[in-house]
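Engineer: Structure in structure tokens, see below.
Residue numbers (my numbering), protein chains in the order written: chain A, 1 to 378; chain S, 1001 to 1378.
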């Protein structure tokens, strides 16, 4: 998911605070890692580069919501637990990166946003290491028999680094400087989030592997679980908990976040298939080539156009001409319009939540986020 | 690692307490999982079967050490934190299983101790599911194009279930009913343990993939990090922390545990290669076929016998005759005796620790464990 960065007063300060916290969390682990040798230390160095180069969408949502809730409720008092909020916001970014890493292992991806991901970097470096070692080794026959193991080594690094980031996330939650009751609420939230995200990842893989039937309802649930929960619900609920907001407000924020999250996810699918590749920078037919089960495809399957689309769906060798042919069919059969209507439904439900229970200052944070949905090109 | 179960007074009661705690930890998650559909719930059901079928080596070591320390220090007082000790002991079993699962994904293993592991079970069930779905589906062409994805689906289940068990381990540590200071010490211990285990796993994979040079020192460090730390040092240190033992005692236990752990690991290697397959039940040449970098092989590489051994090392198609030939060479070149002498060194260092700082009651727990090393056949 891409959320275009917006100039909002105070956002630069927030970014700096989040970045400092993340630098601290990763830096102390990266230093400790050197005691275990260069390969282990390299995992932390690469993870640090990748995490610190992120846009901090989730931590920013948490902190802006937290600050808005504080402003609403405690105009005169000192903000409660603000330092802790920053540490939880940073931990959520580590969680995001742990999920991305294991997702990349599962999908066999070596690249993210046009750059090598951690696995891609390890793979490139393993090539060099293997060459260096072969040159100095006495037993070249053996070494050459083992060439081609770089991918295994690199993907192992992805699994292991994901494990360590998942551990680091829990360490931050477990050590949060909060009354025990509040810490337990955040730990509950973390557990709920991991369960839903894992359930979503499993559904996504089951759909892709043809293990789970690709009906629309399953695809919508998968989108919500896999991304919306940890991207929107987690930071919003954490902000409400830390700011001491009513449970009613926390629930309204979570519901609004789920609707917005699903809208973003559906729009991602529309952009991937119908968007301008010069703007979003991705292969315009990659979803079709991969046979990705989206809401667009789920609708198309229910129309007579599917007999024309199906032969091309999931074909890695799909040509540009074939891709354009499929895209025309997806528009003509109403799949594009159908998904647009799903997005509108989600946005209406989102707006309904906003105007009912959510305090005005927080409403602006949410509207600002929702505004990024409109006119999105990437 | 196999540690033969010994009849020790009270062990049955401890096993029951640990089993009840694990049933609770897994049971509540397994029930909650049903809300996310049958495939997600299946992960928890399979994990529960596997975890509850274990021997509880690590939780038993923790509890027996804890009880012995309590007996030593507080003959009259109520035991401190005993319920919490049981919950930490159970959490360590979940951590063990999380490591096993990710290790099985990394090694591509589908079987453990002669039975399908979680991945093997998911793979078998995916075959059935895929057939069921194909029979009922409208689009059989597509489905058959996707057959063969069962392994991907099953290994994804292994990664995701490992993540959830790692999360569950942290949840137990984070929620431990202890003064905050003590809880933080256990969290430090957990972090240290995960770092070393991950570093050990990475070394093991690097050795296997030919990325890291297979010298003896690296292999011994790998054995210690990958298994000894979480199997011996973690339960022993946790027991000392929970029982309120002096830091000197905690350190002596950890050092003794590391020596014993390495001795067990080296003996595993000897048994795999030179042991009686009717007793240990494994393929007697699997380590040689896989090209596993052990201390035996590291020694053999430094002898002239290596020119005779090398052509057979890491050959999946190794015949029984060739295997016996290699085994004879490994004995004749002194590799077997060398590793036996390494084990003796570790046991001497272990005994030295025992007789210096460790209280007598705990000494018996450790000697009981060490006694299982002698005459081990599996």
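Just so it is clear, CB atoms sit at the ideal spot from N, CA and C, and this is done for glycine as well.
Cβ of residue 1065 of chain S within 8 Å of Cβ of residue 1365 of chain S?
Structural biologist: Locating residue 1065 of chain S in the second chain gives position 65, counting from the first residue. Locating residue 1365 of chain S in the second chain gives position 365, counting from the first residue. For residue 1065 of chain S and residue 1365 of chain S, yes; Cβs fall inside 8 Å.
Engineer: Where does the unbroken alpha helix (DSSP H) through residue 333 of chain A begin, and where does it stop?
Structural biologist: Numbered from 1 along the first chain, position 333 holds the residue referred to as residue 333 of chain A. No alpha helix (DSSP H) holds residue 333 of chain A; DSSP gives it neither H nor E.
Engineer: Run through the DSSP bridge pairs and tell me what residue 116 of chain A is partnered with.
Structural biologist: Reading the first chain from its first residue, position 116 is the one you call residue 116 of chain A. Checking the DSSP bridge columns, you'll see residue 116 of chain A partnered with A:111.
Engineer: Would you mind working out which of A:121, A:171 and A:168 sits nearest residue 156 of chain A, comparing C-alpha positions?
Structural biologist: The residue given as residue 156 of chain A occupies position 156 in the first chain. Residue 156 of chain A has its Cα closest to that of A:121, out of A:121, A:171 and A:168.
Engineer: Contact between the stretch 172 to 183 of chain A and the stretch 218 to 236 of chain A is defined here as three or more beta-carbon pairs at a separation below 8 Å; is this criterion met?
Structural biologist: In this structure the stretch 172 to 183 of chain A does not touch the stretch 218 to 236 of chain A; the number of beta carbon pairs closer than 8 Å is below three.
Engineer: Any idea what DSSP makes of residue 1007 of chain S, helix, strand or coil?
Structural biologist: As a working mapping, residue 1007 of chain S is identified with position 7 in the second chain. Low confidence applies here, because residue 1007 of chain S scores a pLDDT of 46, under 50, leaving its location unreliable and the question unanswered by this model.
Engineer: Excluding five sequence neighbours on each side, which residues of the same chain lie with their C-beta closer than 6 Å to the C-beta of residue 34 of chain A?
Structural biologist: Looking up residue 34 of chain A in the first chain gives position 34. Hits under 6 Å: 41.
Engineer: Shorter than 8 Å from the beta carbon of residue 988 of chain S to some beta carbon of chain A?
Structural biologist: The shown model of chain S, from 1001 to 1378, leaves out residue 988 of chain S, and the question about it has no answer.
Engineer: List, from N- to C-terminal side, the alpha helix (DSSP H) runs of 4 residues or more that fit wholly inside the stretch 281 to 326 of chain A.
Structural biologist: The stretch 281 to 326 of chain A is shown to contain whole alpha helix (DSSP H) runs of 4 or more residues at 286 to 290, 295 to 301 and 306 to 309, in chain order.
Engineer: Pair every Cβ in the stretch 1199 to 1211 of chain S with every Cβ in the stretch 153 to 168 of chain A, then say whether three or more of these pairs are closer than 8 Å.
Structural biologist: yes
Engineer: Can you tell me whether residue 360 of chain A is buried or exposed? The criterion is at least 16 other CB atoms within 10 Å of its CB, across all chains shown.
Structural biologist: Position 360 of the first chain, counted from the first residue, corresponds to residue 360 of chain A. Label assigned to residue 360 of chain A: exposed.
Engineer: Does the beta-carbon distance from residue 167 of chain A to residue 259 of chain A come in below 8 Å?
Structural biologist: In the first chain, residue 167 of chain A corresponds to position 167, counting from 1. In the first chain, residue 259 of chain A corresponds to position 259, counting from 1. Taking 8 Å as the Cβ cut-off, residue 167 of chain A and residue 259 of chain A do not qualify as a contacting pair.
Engineer: Thinking residue 1069 of chain S and residue 1239 of chain S are a contact (beta carbons under 8 Å), I'd like their distance in whole angstroms, please.
Structural biologist: One-based indexing of the second chain puts residue 1069 of chain S at position 69. One-based indexing of the second chain puts residue 1239 of chain S at position 239. Going by Cβ atoms, the distance from residue 1069 of chain S to residue 1239 of chain S rounds to 6 Å, so yes, they are a contact pair.
Engineer: Give the residues from the stretch 1153 to 1177 of chain S that approach chain A closer than 9 Å (Cβ to any Cβ), ordered along the chain.
Structural biologist: 1153, 1155, 1156, 1157, 1159, 1160, 1161, 1162, 1163, 1164, 1166, 1167, 1168, 1169, 1170, 1171, 1173, 1174 and 1175
Engineer: Please name the residue, chosen from A:29, A:243 and A:314, that lies closest to residue 285 of chain A on a Cα-to-Cα basis.
Structural biologist: Here residue 285 of chain A refers to the residue found at position 285 when the first chain is read from its first residue. The residue with the shortest Cα to Cα distance from residue 285 of chain A is A:314.
Engineer: Between residue 1379 of chain S and chain A, is any beta-carbon pair separated by less than 8 Å?
Structural biologist: Only positions 1001 to 1378 of chain S appear in this structure, which leaves residue 1379 of chain S out of reach.
Engineer: For residue 1102 of chain S, verify whether its CB is less than 7 Å away from any heavy atom of the ligand NAP.
Structural biologist: By its list of ligands, the structure shown contains no ligand whatsoever, and the ligand NAP lies outside what it can speak to.
Engineer: Got a sec: is the Cβ-Cβ distance from residue 296 of chain A to anything in chain S below 8 Å?
Structural biologist: Here residue 296 of chain A corresponds to residue number 296 of the first chain, with the count starting at 1. False, the Cβ-Cβ gap to chain S never drops below 8 Å.
Engineer: How would you label residue 55 of chain A, buried or exposed, when you count the other beta carbons within 10 angstroms and need 16 or more for buried?
Structural biologist: Stepping through the first chain from its first residue, residue 55 of chain A is reached at position 55. Looking at its Cβ environment, which holds fewer than 16 other Cβ atoms inside 10 Å, residue 55 of chain A is exposed.
Engineer: In the DSSP assignment, find the unbroken alpha helix (DSSP H) run with residue 265 of chain A in it and report its ends.
Structural biologist: Taking the first chain and counting its residues from 1, one reaches residue 265 of chain A at position 265. Element bounds for residue 265 of chain A: 247 to 274.
Engineer: Residue 308 of chain A CB to nearest chain S CB: under 8 Å?
Structural biologist: Looking up residue 308 of chain A in the first chain gives position 308. Not one chain S Cβ lies under 8 Å of residue 308 of chain A.
Engineer: Can you pull the chain A neighbours of residue 1201 of chain S, defined as C-beta to C-beta under 8 Å?
Structural biologist: Residue numbering aside, residue 1201 of chain S sits at position 201 when the second chain is read from its first letter. The CB of residue 1201 of chain S comes closer than 8 Å to the CB of 156 and 160 in chain A, given here in chain order.
Engineer: Could you work out which residue in S:1328, S:1149, S:1189 and S:1067 is closest to residue 1123 of chain S when comparing CA atoms only?
Structural biologist: On the second chain, position 123 is the one that residue 1123 of chain S refers to. Considering only alpha carbons, the answer is S:1149.
Engineer: Is there a Cβ from chain A that is less than 8 Å from the Cβ of residue 1249 of chain S?
Structural biologist: Translated into positions along the second chain, residue 1249 of chain S becomes position 249. Chain A contact via Cβ: absent.
Engineer: Inspect the CB distances between the stretch 1242 to 1253 of chain S and the stretch 1332 to 1340 of chain S and report whether three or more fall short of 8 Å.
Structural biologist: no
Engineer: Does the beta-carbon of residue 1355 of chain S have 16 or more other beta-carbons within 10 angstroms, so that it is buried, or is it exposed?
Structural biologist: Position 355 of the second chain, counted from the start, is the residue given in the question as residue 1355 of chain S. The residue in question, residue 1355 of chain S, is exposed, as its Cβ has fewer than 16 Cβ neighbours within 10 Å.
Engineer: Measure from the C-beta of residue 1095 of chain S to each C-beta in chain A and report whether the shortest distance is under 8 Å.
Structural biologist: Position 95 of the second chain, counting from 1, holds the residue named residue 1095 of chain S. Nearest CB-CB separation between residue 1095 of chain S and chain A: not below the 8 Å threshold.
Engineer: Can you tell which of A:268, A:330, A:230 and A:219 has the C-alpha that lies nearest to the C-alpha of residue 62 of chain A?
Structural biologist: Counting from one through the first chain, the residue named residue 62 of chain A turns up at place 62. Comparing Cα positions, the closest option is A:230.
Engineer: If you drop the 5 nearest sequence neighbours on each side, which residues of the same chain put their C-beta closer than 8 Å to that of residue 83 of chain A?
Structural biologist: Here residue 83 of chain A corresponds to residue number 83 of the first chain, with the count starting at 1. Here the set comprises 177.
Engineer: Can the beta-carbon of residue 1372 of chain S be found closer than 8 Å to that of residue 1255 of chain S?
Structural biologist: Counting from 1 along the second chain, the entry for residue 1372 of chain S is found at position 372. Counting from 1 along the second chain, the entry for residue 1255 of chain S is found at position 255. Contact: no.
Engineer: Residue 40 of chain A CB to nearest chain S CB: under 8 Å?
Structural biologist: What you label residue 40 of chain A is simply residue 40 of the first chain in a count that begins at 1. By this cut-off, residue 40 of chain A is an interface position.
Engineer: When you compare only the Cα positions, how much space is there between residue 1222 of chain S and residue 351 of chain A?
Structural biologist: Working through the second chain from its first residue, we reach residue 1222 of chain S at position 222. Working through the first chain from its first residue, we reach residue 351 of chain A at position 351. In a straight line, the C-alpha of residue 1222 of chain S is about 56 Å away from that of residue 351 of chain A.
Engineer: Sorted by chain position, which residues of the same chain lie with C-beta nearer than 7 Å to residue 153 of chain A's C-beta, five sequence neighbours on each side aside?
Structural biologist: The residue you call residue 153 of chain A lines up with position 153 of the first chain. If we look at residue 153 of chain A and ignore the five residues flanking it on each side, its Cβ neighbours are 122 and 126.
Engineer: Taking just the CA atoms, how far does residue 1171 of chain S sit from residue 174 of chain A?
Structural biologist: Your numbering for residue 174 of chain A matches position 174 in the first chain. Your numbering for residue 1171 of chain S matches position 171 in the second chain. Approximately 8 Å, taken between the alpha carbons.
Engineer: Check residue 156 of chain A in the structure and name its three-state DSSP category.
Structural biologist: Indexing the first chain from 1 puts residue 156 of chain A at position 156. Helix at residue 156 of chain A.
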